[in-house]
Amino acid sequence: MMHVSGHGCHNHNGGSWPVLLWLVTAACIKTGRPQIARRAIELAETRLSKDGWPEYYDGKQGRYIGKQARKHQTWSVAGYLVAKMLLEDPSHLGMIAIEEDKHLKPVLRRSSSWTA
């Protein structure tokens, strides 16, 4: 039996890790493309809860793979929640910015969904 990580588009070879949603969101905000982050979060909202908050999705098919998906992962939940928080209030980016980026300001002050 071959180990799944040896195939292309699996695990480190191109899979999708929900925990990284916050990092994608941060990059989108910093580069002035919050609409990309918003769409990624919308897609995550339609799948993650329904799929049981898996650790990993296959890179080719976008499906979780049995036991290797490792459901109910708190870091997948955390990645989603931090992504939502950053999109709702981009000033939170300052909490996670590296020292060299401290002087940079987020492109947006508030997301368009902010109602307060």
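Going by mature numbering (1 follows the signal peptide of the UniProt record, and there is no 0), the letters in the sequence shown line up with residues -34 to -1, 1 to 82, in that order.
Backbone N, C-alpha and C define an ideal beta-carbon position, used for all residues, glycine too.
Assignment of Tyr22 by DSSP, reduced to helix, strand and coil, places it in the coil class.
Here the alpha carbons of Glu8 and Lys(-5) stand approximately 19 Å from one another. Gly45 is positioned such that its CB atom lies closer than 9 Å to that of Pro(-17). In this structure, Ala(-9) and Leu47 do not form a Cβ contact; the two beta carbons are roughly 13 Å apart against a cut-off of 8 Å. Relative to the Cα of Trp41, the nearest Cα in the group Lys26, Leu52 and Leu14 belongs to Leu14.
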